[in-house]
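Undergrad: Residues 13 to 125, numbered by our numbering, are exactly what the sequence shown covers, in order.
Structure in structure tokens, see below.
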Amino acid sequence: MNDLEQKILKLKKCIHVENSAPVFDLQHPVNYIVNLKPDLKVSRGMFLPDPLARGTFRAHPITIRALKKDLLVGGIEFDDLEDIHICDSCKNKLDRQFWKFCPFCEANLPENS
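Dropping the structure here:
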């Protein structure tokens, strides 16, 4: 089972405490497309809204390359898939569910913390 399948199973198990109903409607997923524009002036690991292009964010090219392209987001406040890791190289705190490698120093991230 791959990482995405494991996360989907975890989402399916989430239920409301009050009525035991599923929290997320996985039968009707919503896809969001976010446009990223390379900008060397933006610090690594950061995303800034582009004031000239609605729905577009500026980011350092290394940040864009480090970002996983298909992200599974259970909701705005959904932290259960959080996978916090302190980079062994630069000591920045990262959520590995979003990154292929460290966006700050380009160090590899371990498979499991």
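Backbone N, C-alpha and C define an ideal beta-carbon position, used for all residues, glycine too.
1) DSSP three-state call for Pro73: helix, strand or coil?
2) Between His72 and Val54, which are expected to be in contact by the criterion C-beta below 8 Å, what is the C-beta distance as a whole number of angstroms?
3) Which residue's Cα is closest to the Cα of Cys102: Gly57, Leu52 and Asp62?
4) Determine the burial state of Arg108: buried for a count of at least 16 other Cβ atoms within 10 Å of its Cβ, exposed for fewer.
5) Count the other C-beta atoms from every protein chain shown that fall within 10 angstroms of the C-beta of Ala65, then say buried if there are 16 or more, exposed otherwise.
6) Between His97 and Leu106, which are expected to be in contact by the criterion C-beta below 8 Å, what is the C-beta distance as a whole number of angstroms?
7) Taking all protein chains shown into account, decide if Thr68 is buried (16 or more other Cβ within 10 angstroms of its Cβ) or exposed.
8) Quick check on Pro115: buried or exposed, where buried means 16 or more other Cβ atoms within 10 Å of its Cβ?
9) Assuming Lys105 is part of the beta strand (DSSP E), what are its boundary residues?
10) Given a threshold of 16 other Cβ atoms within 10 Å of its Cβ, counted over all protein chains shown, does Arg77 qualify as buried or as exposed?
11) Which two residues bound the contiguous beta strand (DSSP E) that contains Leu48?
12) With distances taken Cα to Cα, identify the nearest neighbour of Ile74 among Asp15, Asp62 and Leu48.
TA: Once the coordinates are examined:
1) Within the sequence shown, the letter at position 61 stands for residue 73. Correct three-state label for Pro73: helix.
2) Along the sequence shown, read from residue 1 onward, the residue named residue 72 stands at position 60. Along the sequence shown, read from residue 1 onward, the residue named residue 54 stands at position 42. Distance from His72 to Val54 at the Cβ level is roughly 5 Å; contact confirmed, criterion being Cβ atoms closer than 8 Å.
3) For the purposes of this step, residue 102 is taken as the residue at position 90 of the sequence shown. Sorting Gly57, Leu52 and Asp62 by C-alpha distance to the C-alpha of Cys102 places Gly57 at the top.
4) Here residue 108 refers to the residue found at position 96 of the sequence shown. Burial check for Arg108: the Cβ neighbour count within 10 Å reaches 16 or more, so the residue is buried.
5) As a position in the sequence shown, residue 65 is number 53, starting the count at 1. So Ala65 ends up on the exposed side.
6) Residue mapping note: residue 97 aligns to position 85 of the sequence shown, counting from 1. Residue mapping note: residue 106 aligns to position 94 of the sequence shown, counting from 1. With a Cβ gap of about 5 Å, His97 and Leu106 count as contacting.
7) In the sequence shown, the residue the question calls residue 68 occupies position 56. Looking at its Cβ environment, which holds fewer than 16 other Cβ atoms inside 10 Å, Thr68 is exposed.
8) To locate residue 115, count along the sequence shown from 1; it is residue 103. Flag for Pro115 reads buried.
9) Position 93 of the sequence shown, counted from the start, is the residue given in the question as residue 105. If you look at Lys105, you'll find it in the beta strand (DSSP E) that goes Lys105 to Asp107.
10) Numbered from 1 along the sequence shown, position 65 holds the residue referred to as residue 77. It counts as exposed.
11) The residue labelled residue 48 in the question sits at position 36 within the sequence shown. Residues Asn47 to Pro50.
12) Translated into positions along the sequence shown, residue 74 becomes position 62. For the set Asp15, Asp62 and Leu48, the Cα lying nearest the Cα of Ile74 is the one of Leu48.
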